[in-house]
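**Student:** Residues 202 to 1067 in my numbering are what the sequence shown spells out, letter by letter.
The structure's right below; bear with me while I get my questions together.
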Amino acid sequence: MKKNLLSAAVKGALGLTAVAIMVPTMPAFAQEDADLVEEVVVTGSRIKRLEVESTSPVTVLDRSDIDLSGNATVADVLQNLSANSFGSFRGTSGQGSGAGTTREVNLRGLGATLVLIDGRRMPGLGYGGGQTQDVSQIPMALVERIEILKDGASAIYGSDAVAGVVNIITKRDVNGLTVTASTSSPTSVDGADSNKIEIAAGTSTDTSSLVFVYEHSTEDSIADTEFVGKLFGTSSYSPVPNVENADGDWIGSAQGDLCGNIASTTPGTFDRCLYAYSDVTWLFPETTKDTIMTKYRLDLSDDLTFNARLTAHKNEGQTRFAPTPVSTNTVSMEADNPLNPFGEEIAISMRAAPLGNRDTYTKRDNIDLVFGIEGGLDILNGMDYSINYQHTLANENVRGTNLIVDATIQQMIDDEEFDVLNVAERNADDYLAYVSEFYALAAHTGTYETVQERDIFDATISGELWSNGDISLSTALGAELEQFSFDQISDITSGLGGVSGGSGGDDVYSTQDRTSAYAEFILALPADVELNAAVRYDEYEQEGDVGLAVIDTSYDKVTSKLGAMWRPMEGLLLRASWSEGFRAPTLNDMFASQSFGFPGAYDYYYCDTLGNAASDTNYCKTDAQHKTLNGGNPNLDPEESESYSLGFVWDVNDDLTIEFNHYNIQYDQRIQAIDAEDILFLDQDGSSSNVTRLANGKVDSIQAGVVNYNGVETTGYDLATTYTLDSAYGVFAFGADLSYISQWDEDDPIRNEVRELVGDFSQPDFRANLSVDWSYNDYFASWHINHIAAQENLFDLAGYEDVGAYTSHNMQVGYNTPWNGKITLGARNIFDEEADFYSPTYYRGYSTSLYDPLGRSLYVRLQQSF
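Written as structure tokens, this is what we have:
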């Protein structure tokens, strides 16, 4: 359905389509003279409307905006949004269950952002229980535009839409063939070269259209040593084993002249021989990705259309971590063992370096099929309806190589066969050849597989219920039914917790059924006032294995949203909204098998209560590693939120637009793992049943898990402007997008305090994006600036100051050729800005979520249309 619309209204609606990464959409101004504008559904509502603006702030980036920004991937675009306050998760080597090849988005730093593709939930990943959404799986070739809703929207979309919604709109109408090839390479580091080819083809008639899109991309790995180096990336788990006595004191290492003569080893304090694991560890993985999408539309009649979309994605990645430290279970040696040169009971910290590096291979295959009908009904003032079915099947296979079965190592030592401490005093080469035979006997390849299947049926009817010319009432009513199954299978040995170098867990078999109903209303009043209300009901029923038992659980949630906007004068829009939100526990949260890790934590009981802090300084430190067991919790409740936003959009004139938004979000009952630090803090008297201790009082293991833990309150302000200057020297488009966080307070229920975290490391209080874009005839250029504010360093260490502000510059130039092609040359971070090193005790020394460590990268992009 199309209606007449004044050009001034179009101008107001389109004035802020590109403020998020600051590329004003120059083609939008050509639309001002259009006589007909189609009603559209804007992210954050299910009701078709002429207005692009709504009661909630929505930023729209079309493909030309994205290309001008210099960002190579959808993940990069979202990473650099100013509203992506503290950055977002980027997988690195050493992260288990396939997480090392993953990237996410994290609006407002709250960890609850919903990602949609064409308004439908994007398939999730195995390691997140089927809910974690990997935005690196979204190929740029699919993207027509990206819509970012910076407001709560659970009353519209359901679970996860707490901090906002990212909606990826895929290509709809393509005529002809377009091929795009690009390559990118850093200039300051070795590795991380990327190459990509995109193919978009399609045809259309008056009643049908067919679109085919394919993308193939590769990215090379990059080593830790490009950023960390031996000084910081070292460990006591060494190819030259280190030894502790029963009191936890380091008393030496393997015999002979080994330390320093075996690669990556160096003498350390307390008579240890340290191993520089960063010499071989990759920071970012090596990946190959392929995606195919086909979309088909057929008008069956004037009032009935059939739509279908099929997307298939394949992702293969390899991460590399240092050779396996034999650490899951403590390796010990009795005092009377003839291969024990120390004459007392000892614990051995050893690393199976002769086996080679821990290479983990991850393979993901996803198929997403959506089809349905949409049409119109000649009832009331005209109603639109849609009926759709979505089927998703996702498999994830992870294979970890060169792991170690601890029991095999321990048995060979107990049988007095394995001279791991080199009593025979072999030289370095002979020692490595000798121990490699024993490590080979204990070698293990770990496997981890997830299979998830999702079926969703939904139906919506929307339209204008009533109007008298001055007042109108529109609605959208709908329902959804979902069936979801999630299975996790680990190899038996890893599942029993007997393997070092991986993260074992039991098998999980779980299902979830969801029933949802929703209603939305828009009341248009005189004097350009509009009121909006929405309510949604979600009911969940799930079943899963917990040990040997099958547990059934259920819960439901009602969320609502209210909004209002008013145009007091031409060009000025005032708006406000209030909303409730929720995030449902994932099946992984509820039914995760028991897994283990080695987080750093301070042992208050042993160090302070027993008075060993001064005498055992190596153990009594904040990053001392402890074996920690984790698992799911079937009694979890949904997370809850309440938020409001206030703001305005002001089209000052035809060329200048200003948008301001103030928000507050209260996010409670957040599901988190109680970490080792918190458990040990609560165990200051040594009586906790969650802590198993050795005879000397040290930690043997910690039992942790997930609970509805705490709450966060955050308050902030967004300001965005766009200005267009049409001159004799070309069209200049200026943009600024600023985001300031004045409050980010996190409850600590264990210590009964509220922590004010904004401005601390990895939680900057200010981010800004600035841009200048230029076009003249067939030439174009852009300059984009990304700024991240300084942060306070929480570590009181000499030589480590507060983390300084970070500003990077992306520049590009391009030419539209006479043969219907486009050539683009550019540089990301052209001045080679580096993030400040934070602390040797922080993983990788800086925030991989917030900063891109690659420095300057040069790229070329060639496009040809036929």
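Positions of the beta carbon are idealized from the N, C-alpha and C atoms, including for glycine.
Smallest Cα separation from Ala734: which of Asp714, Ala677, Leu749?
**Tutor:** The residue you call residue 734 lines up with position 533 of the sequence shown. Looking at the Cα atoms, Ala677 is the closest of the given residues.
**Student:** Would DSSP call Val242 helix, strand or coil?
**Tutor:** Taking the sequence shown and counting its residues from 1, the one referred to as residue 242 is at position 41. DSSP places Val242 in coil when its eight states are reduced to three.
**Student:** Under the rule that 16 or more other beta-carbon atoms within 10 Å means buried, what is Gly377, buried or exposed?
**Tutor:** Translated into positions along the sequence shown, residue 377 becomes position 176. Gly377 comes out exposed.
**Student:** Using beta-carbon positions only, say whether Pro555 and Tyr649 come within less than 8 Å of one another.
**Tutor:** The residue you call residue 555 lines up with position 354 of the sequence shown. The residue you call residue 649 lines up with position 448 of the sequence shown. Not closer than 8 Å, so no.
**Student:** Are the beta-carbon atoms of Phe572 and Tyr586 separated by less than 8 Å?
**Tutor:** The residue you call residue 572 lines up with position 371 of the sequence shown. The residue you call residue 586 lines up with position 385 of the sequence shown. No, Cβ-Cβ distance for Phe572 and Tyr586 is not below 8 Å.
**Student:** Give me, in chain order, the residues of the same chain whose beta-carbon lies closer than 6 Å to that of Phe685; leave out the 5 immediate sequence neighbours on both sides.
**Tutor:** Against the sequence shown, residue 685 aligns to sequence position 484. Around Phe685: Arg655, Gln713.
**Student:** Quick one, which of Asp938, Val759, Ser695 has its alpha-carbon nearest Ala718's?
**Tutor:** Counting from 1 along the sequence shown, the entry for residue 718 is found at position 517. The shortest C-alpha separation from Ala718 is found at Val759.
**Student:** Can you tell me the Cα-Cα spacing of Gly245 and Val259, whole angstroms?
**Tutor:** Position 44 of the sequence shown, counted from the start, is the residue given in the question as residue 245. Position 58 of the sequence shown, counted from the start, is the residue given in the question as residue 259. Taking the straight line joining both Cα atoms gives about 8 Å.
**Student:** In the DSSP output, what is Asn446 paired with across the bridge?
**Tutor:** The residue labelled residue 446 in the question sits at position 245 within the sequence shown. For Asn446, which the question treats as bridged, DSSP gives the partners Ile547.
**Student:** Taking the alpha carbon of Ile267 as the reference point, which residue from Leu1059, Ala1036, Ser983 has its own alpha carbon closest?
**Tutor:** Taking the sequence shown and counting its residues from 1, the one referred to as residue 267 is at position 66. Closest by alpha carbon: Ser983.
**Student:** Going by the DSSP bridge assignment, what does Ile1147 pair with across the sheet?
**Tutor:** Any question about residue 1147 goes unanswered here, given that the chain covers just 202 to 1067.
**Student:** So Leu830 packs on Phe861, CB below 8 Å; how close in whole Å?
**Tutor:** Walking along the sequence shown from the start, residue 830 turns up at place 629. Walking along the sequence shown from the start, residue 861 turns up at place 660. At roughly 49 Å, the Cβ-Cβ gap does not stay under 8 Å, so Leu830 and Phe861 are not in contact.
**Student:** How far does the alpha helix (DSSP H) with Asp615 in it extend, from its first residue to its last?
**Tutor:** Here residue 615 refers to the residue found at position 414 when the sequence shown is read from its first residue. Element bounds for Asp615: 607-615.
**Student:** Based on Cα-Cα distance, which residue from Leu262, Val344, Asp277, Ala354 lies nearest to Ser247?
**Tutor:** If you number the sequence shown from 1, residue 247 lands on position 46. According to the sequence as given, residue 247 is Arg; it is not Ser. When each option's Cα is compared against that of Arg247, the closest is Ala354.
**Student:** Under three-state DSSP, which class holds Pro542?
**Tutor:** Taking the sequence shown and counting its residues from 1, one reaches residue 542 at position 341. Looking at Pro542 - three-state DSSP - the assignment turns out to be coil, as it is neither helix nor strand.
**Student:** Taking Asp729 as part of the alpha helix (DSSP H), name the residues at either end of that continuous run.
**Tutor:** Here residue 729 refers to the residue found at position 528 of the sequence shown. Premise fails: Asp729 is in no alpha helix (DSSP H) and is neither H nor E.
**Student:** Taking the alpha carbon of Thr787 as the point to measure from, which residue in Leu763, Ser943, Glu744 has its own alpha carbon closest?
**Tutor:** Here residue 787 refers to the residue found at position 586 when the sequence shown is read from its first residue. Of Leu763, Ser943, Glu744, the residue nearest in Cα terms is Glu744.
**Student:** Spatial neighbours of Leu774 within its chain, please: C-beta separation below 8 Å, excluding the five flanking residues on both sides.
**Tutor:** For the purposes of this step, residue 774 is taken as the residue at position 573 of the sequence shown. So the list reads Gly213, Glu254, Met766, Trp767, Arg768, Phe849, Val850, Trp851, once near-sequence residues are dropped.
**Student:** Go ahead and label Glu1072 buried or exposed: buried means 16 or more other beta carbons lie within 10 angstroms of its beta carbon, across all protein chains shown.
**Tutor:** What the structure shows of the chain is the stretch from 202 to 1067, and residue 1072 is not part of that stretch, so it cannot be assessed.
**Student:** Nearest CA to the CA of Asn567: which residue from Thr593, Glu545, Gly557?
**Tutor:** Working through the sequence shown from its first residue, we reach residue 567 at position 366. Checked all of Thr593, Glu545, Gly557; the closest Cα to Asn567 is Thr593.
**Student:** Is the number of C-beta pairs between the stretch 692-702 and the stretch 745-757 that are closer than 8 Å three or more?
**Tutor:** Not touching, per the Cβ criterion.
**Student:** How is Met584 classed by DSSP in three states: helix, strand or coil?
**Tutor:** Residue mapping note: residue 584 aligns to position 383 of the sequence shown, counting from 1. In this structure, Met584 counts as strand in the three-state DSSP scheme.
**Student:** Per DSSP, what kind of secondary structure is Gly577 in: helix, strand or coil?
**Tutor:** One-based indexing of the sequence shown puts residue 577 at position 376. In this structure, Gly577 counts as strand in the three-state DSSP scheme.
**Student:** DSSP three-state call for Pro524: helix, strand or coil?
**Tutor:** Along the sequence shown, read from residue 1 onward, the residue named residue 524 stands at position 323. Three-state result, Pro524: coil.
**Student:** Would you kindly work out how many angstroms separate the C-alpha atoms of Gln870 and Gly325, rounded to a whole number?
**Tutor:** Start at 1 with the first residue of the sequence shown, and residue 870 comes out as number 669. Start at 1 with the first residue of the sequence shown, and residue 325 comes out as number 124. Whole-angstrom Cα-Cα distance: 22 Å.
**Student:** Suppose you measure from the CA of Asp1053 to the CA of Ser409; what does that come to, to the nearest Å?
**Tutor:** Along the sequence shown, one-based indexing puts residue 1053 at 852. Along the sequence shown, one-based indexing puts residue 409 at 208. Taking the straight line joining both Cα atoms gives about 43 Å.
**Student:** For Ser711 and Ile672, what's the separation of their Cα atoms in angstroms?
**Tutor:** Here the question's residue 711 lines up with position 510 in the sequence shown. Here the question's residue 672 lines up with position 471 in the sequence shown. The alpha-carbon atoms of Ser711 and Ile672 are separated by roughly 50 Å.
**Student:** With Ala364 as the anchor, note down where its beta strand (DSSP E) starts and where it stops.
**Tutor:** Looking up residue 364 in the sequence shown gives position 163. Careful: Ala364 lies outside any beta strand (DSSP E) and carries neither H nor E.
**Student:** Note the first and the last residue of the continuous beta strand (DSSP E) segment covering Gly377.
**Tutor:** Taking the sequence shown and counting its residues from 1, one reaches residue 377 at position 176. From DSSP, the beta strand (DSSP E) with Gly377 extends over 377-387.
**Student:** Counting C-beta neighbours from all protein chains within 10 Å, is the total for Ala921 16 or more, i.e. buried, or is it exposed?
**Tutor:** Working through the sequence shown from its first residue, we reach residue 921 at position 720. With 16 or more other Cβ atoms within 10 Å, it is buried.
**Student:** Quick one, which of Thr916, Leu459, Ser465, Gly469 has its alpha-carbon nearest Ile452's?
**Tutor:** To locate residue 452, count along the sequence shown from 1; it is residue 251. Of Thr916, Leu459, Ser465, Gly469, the residue nearest in Cα terms is Gly469.
**Student:** Could you tell me which uninterrupted alpha helix (DSSP H) segments, each at least 4 residues in length, are contained entirely in the stretch 741-786, listed from first to last along the chain?
**Tutor:** Within the stretch 741-786, no complete alpha helix (DSSP H) run reaches 4 residues.
**Student:** Are Leu604 and Gly557 touching if we call contact CB-CB under 8 Å?
**Tutor:** The residue given as residue 604 occupies position 403 in the sequence shown. The residue given as residue 557 occupies position 356 in the sequence shown. No, Cβ-Cβ distance for Leu604 and Gly557 is not below 8 Å.
**Student:** Considering only residues of the stretch 787-845, which uninterrupted alpha helix (DSSP H) runs meet the minimum length of 4 residues and lie entirely inside it, listed in chain order?
**Tutor:** If we require 4 residues or more, the alpha helix (DSSP H) runs fully inside the stretch 787-845 come out as 788-792.
**Student:** State the start and end residues of the unbroken beta strand (DSSP E) segment that holds Thr482.
**Tutor:** Along the sequence shown, one-based indexing puts residue 482 at 281. Where Thr482 is concerned, there is no enclosing beta strand (DSSP E), given that its DSSP letter is neither H nor E.
**Student:** Since Ser1009 and Asn987 are thought to touch, with beta carbons under 8 Å apart, how far apart are those beta carbons, to the nearest angstrom?
**Tutor:** Here residue 1009 corresponds to residue number 808 of the sequence shown, with the count starting at 1. Here residue 987 corresponds to residue number 786 of the sequence shown, with the count starting at 1. Contact holds; Cβ gap of about 5 Å.
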